[in-house]
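If you want the numbering used here, it's the position in the sequence shown, counting the first as 1, plus 243. Beta carbons: idealized from backbone N, C-alpha and C, even for Gly.
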Amino acid sequence: MIRKYSTTLHGHRTSFSLEPAFHDELKRIAGERGMPLAALLREIDDARGVDGNLSSVLRLFVLEWLKRRPGNDPVS
244 MIRKYSTTLH GHRTSFSLEP AFHDELKRIA GERGMPLAAL LREIDDARGV DGNLSSVLRL
304 FVLEWLKRRP GNDPVS
């Protein structure tokens with residue numbers, strides 16, 4: 244089930260919709276990197292450009308992060 248989350252990016256409130264598993268993974272990534280979730284979201288938002296949808300970009304970020312983890316074999 245998709246849930247709606249809210250955050251503040253550069254002083255403006257915004258929301259995004261994600262499955263809880265993606266949101267949990269974003270929190271874990273932020274923790275591994277030693278940063279607050281809000282800082283990670285800001286970093287991802289800054290890199291997405293004007294054309295990307297924040298929810299989609301967050302999912303793709305998690306996917307790429309997991310693919311780069313040691314021991315993860317790419318799918319042939």
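Residue environment, residue 287, which counts as buried when at least 16 other CB atoms sit within 10 Å: Residue 287 counts as buried, since at least 16 other C-beta atoms from the protein chains shown sit within 10 angstroms of its C-beta.
Reduced DSSP secondary structure (H/G/I, E/B, other) of residue 255: strand
Buried/exposed call for residue 284, threshold 16 Cβ in 10 Å: buried
Close beta carbons around residue 256, own chain, < 7 Å, minus the five adjacent residues each side: 249
Classification of residue 293 by the beta-carbon crowding that lies within 10 angstroms, buried from 16 upward: Under this definition residue 293 is an exposed residue.
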